[in-house]
Amino acid sequence: MIRTHNLTCGYAGRAVLRDVSLHLAPGEFAALLGPNGSGKTTLLLALAGLLPAMSGGVEIGGRALARLPVRERARLVSCVPQGATPPPGYTVRELVRMGRFASSGFWGGYGPEDEAAAQTALADARCLDLAERQAAELSGGEFQRVLLARALCQGRGALLLDEATSALDLARRVEAFDLLAAQNRQGSTVFTAVHDLNLAALYCPRLIFLKAGRIVLDGPTAAIFTEANLKDIYETDIRVAPHPVTGAPQAHLVPGAGPFAGPAAPLRG
Amino acid sequence: MAAEARAGNAGGSAPERERRRAVCSAVPALAALAFAVLASVVLACGVGSFPATPGETLRALLQAAGFAAGAPVDPGLAVVIVDIRLARVVLAGITGASLAIAGAAFQGVLRNPLADAFTLGVSGGAAFGASLAILSGLAGAAALSGDDRALPACALAGALAALALVLGLSRAGGGPLSSLRRETLVLAGIVVSTFLSALISLLKSLDEESVSSIVFWIMGSFQGRGFEHAQLAWPYMLLGAGLVLWRARELDVLSLGETQARMLGLDAGRSRLWLLLGASLLSGAAVAVSGVIGFVGLVVPHLVRLVLGAGHRRLLPASALLGALLLIWSDVLARSVLPGGAELPVGVVTALVGGPFFCLILARKGLSTGKSGGGRA
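Top to bottom, those sequences are chains V and W. First residue of the first sequence? That's 364 in the working numbering, and the numbers climb one at a time after it. First residue of the second sequence? That's 481 in the working numbering, and the numbers climb one at a time after it.
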């Protein structure tokens, strides 16, 4: 579905990602992890076709992304951006319907098909109760759900999400990942950048770790989510224990392991 | 469970309700505005030093259009109503509509609530282009009487040059077009229009003969304008309005910012270019025939947004109608408020309304649209 070979890209001549080769098969559910500034957002922007490659390239469904028309690409890959702010003056339904921009006719407006897609997306993302409200008046968490709804409205073949659940509370976060998992079971390829290691390990069968612009680890969650690997990547003491319900590996921080731990920090016995 | 039931209930009727609601709020508002514009044309044709009742005016207009409607109107009055006032009212109407559409487009593309042909210096550029054409003899001495084709083209060239200058100036600090700070953009607009108005003054001092007429024209006025001016401008206005209205949905998507617009499948750069070109065509054509009339493009879209929301498929046509309405009545005021048949430039009237309104928007931080919105992180 999505493939990169030796992709190098960045901003204003400065490479942020170096030599990234990656293949996401159709129907995969993978998480993109890594410390701050490791290039997660940059990689997602490159996969979405928003950032041209300095060298190497991206393929979507076997076709070179650089030669794919913008509208066509938008029909293949849906995105949830990070740090978006709602535009004033639009209702949630209008905002979600904009997801159909690339699919609707160039001449006409949004038709009944587009309305139906927006309605289904709103229902799936549990935003129906927000539909007629002004997008600019939503809370951060509500707006993130609306962005998820817009991505579903845009298309369900491949979903790229950048920290799409960071502003959600615990219950909504589980709800959002349940939704992504359900979409994945119905055939969507889902690739999501997450800060929350445990959420990724709980839901995603495959994890990809970036560090300083390179892929340092890529593999099945059970095999690579180990104390040694995590300590190495995040440069802090991390313990891994199985999840009490599913048995998925879960990371636990250890207080006082950081470089700022002074004498007042609790010491480990 | 309760929440689920509620969501389920809302699911059944929500799309119909939404569609009905959108239609209900937009169509009657547009119809009411269209009716108000038509009524205003008739009423405004009756105001002046030879006043006519609305009935007489309507009869004169219908008879001029070839309908046998009631008792014949005094031929002298009919000439005043049809040849003088109607021409002027129509010109005011299409100019107001053009400026309002251009304002809405500038605000949408630049994601800046303070953008308008006037505040961006685009009108100033058009005026400079037109003045240059007149005074260099390119457009000939007949230009101000309206039978010169080169005038709108020169105004358009001036408008585009000023726009490029303003955007270049405010981008000097770097960053993409969509992340321009609104204050920077307006500052650049003020710098450019001040500079251009100085240049226009310079041009005027080089040619004393046409000074008085040009002064009045630069101030923005419909005095002495007729059908020939409307004829000169409407093809450009139609083309500009078509360019912008056709891309109404793109304006919606652009309001999300560059990143999201491209994610949703819009070639943001090309779309902005066409929209800016359309808005410049509208402003350039308006300036070429009526001079610099400020703030119509600023005030009108804001008022419409308050009632109909920001969706451009409703905003643009409603702005066009309200803009026409505003300028028709501003012109009536401009030609009737002074005693003894003297006229105010209509630009003075719109500036008296628009200046305080501009301050109001500047003070309301809540209207900010162009701050971040999906920039790269």
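No residue lacks a Cβ here, since even glycine has one placed at the ideal position from N, Cα and C.
Check                                                                                                                                : Outcome
Counterpart residues of residue 392(V) in DSSP-defined beta bridges                                                                  : 553(V)
Residue 517(W) to residue 797(W) span [Cα, whole Å]                                                                                  : 13 Å
Three-way DSSP call (helix, strand, coil) for residue 634(W) in this model                                                           : helix
Whole-number beta carbon distance between residue 429(V) and residue 415(V), since they are thought to touch under 8 Å               : 7 Å
For residue 462(V) and residue 619(V), the rounded distance between their alpha carbons                                              : 46 Å
Cβ distance (whole Å) where residue 591(W) is taken to contact residue 735(W) below 8 Å                                              : 6 Å
Through-space distance from residue 722(W) to residue 840(W), alpha-carbon basis                                                     : 31 Å
Assigned secondary structure, residue 894(W) (DSSP; H/G/I helix, E/B strand, else coil)                                              : Chain W is shown from 481 up to 857; residue 894(W) falls before or after that span and cannot be answered.
Residue-chain proximity (residue 372(V), chain W), Cβ-Cβ < 9 Å                                                                       : no
With 16 other Cβ atoms within 10 Å as the buried cut-off, status of residue 772(W)                                                   : buried
Below-9 Å beta-carbon distance, residue 754(W) vs any chain V residue                                                                : no
Chain-ordered neighbours of residue 638(V) on chain W, where CB pairs are closer than 9 Å                                            : There is no way to answer for residue 638(V), as the model of chain V reaches only from 364 to 632.
Unbroken alpha helix (DSSP H) run spanning residue 593(V), endpoints                                                                 : 590-597
Run of the alpha helix (DSSP H) containing residue 453(V), from where it starts to where it stops                                    : That residue, residue 453(V), is in no alpha helix (DSSP H); it is neither H nor E in DSSP.
Within chain W, the residues that residue 517(V) reaches when beta carbons sit closer than 7 Å                                       : 744
Below-9 Å beta-carbon distance, residue 789(W) vs any chain V residue                                                                : yes
contact_flag[the stretch 758-767 of chain W, the stretch 488-508 of chain V] where n(CB pairs < 8 Å) is 3 or more                    : no
Continuous beta strand (DSSP E) assignments of at least 3 residues falling wholly in the stretch 514-539 of chain V                  : 521-525
Span of the beta strand (DSSP E) around residue 543(W)                                                                               : Counting along the chain, residue 543(W) falls outside any beta strand (DSSP E), though it belongs to the alpha helix (DSSP H) covering 534-544.
Chain V contact for residue 840(W) (CB, 9 Å cutoff)                                                                                  : no
Pairwise C-alpha distance: residue 746(W) and residue 726(W)                                                                         : 14 Å
Cα-Cα separation between residue 620(W) and residue 610(W), rounded to whole angstroms                                               : No answer about residue 620(W) holds up, because its pLDDT of 49 lies below 50 and its placement is not dependable.
When 730(W), 564(W) and 774(W) are compared against residue 604(W), the one with the closest alpha-carbon                            : 774(W)
Buried or exposed (CB count within 10 angstroms, at least 16 for buried), residue 547(W)                                             : exposed
Segment limits, beta strand (DSSP E) that includes residue 570(V)                                                                    : 569-574
Span separating the alpha-carbon of residue 565(W) from that of residue 552(W)                                                       : 18 Å
Whether residue 531(V) touches residue 543(V) by CB criterion (9 Å)                                                                  : no
Those residues which DSSP pairs with residue 387(V) across a bridge                                                                  : 365(V)
Nearest-angstrom Cα separation, counted from residue 369(V) out to residue 758(W)                                                    : 42 Å
Sub-9 Å separation of residue 509(W) and residue 636(W) beta-carbons                                                                 : no
Rounded straight-line distance, which links the Cα of residue 646(W) to that of residue 600(W)                                       : 7 Å
Sheet register partners of residue 441(V) (DSSP bridge)                                                                              : 522(V)
Uninterrupted alpha helix (DSSP H) stretches inside the stretch 754-791 of chain W (no shorter than 4 residues)                      : 776-788
Members of the stretch 408-439 of chain V near chain W, C-beta cut-off 9 Å                                                           : 408, 411, 412, 413, 414, 432, 433, 434, 435, 436, 437 and 438
Chain-order list of residues whose beta-carbon lies under 6 Å from that of residue 492(W) (same chain, five-residue window excluded) : Low confidence applies to residue 492(W): its pLDDT is 40, below 50, so where it sits in the model is not reliable, and the reading given next is rough at best. The answer is none, since no qualifying residue turns up.
9 Å Cβ cutoff, residue 758(W) in contact with chain V                                                                                : no
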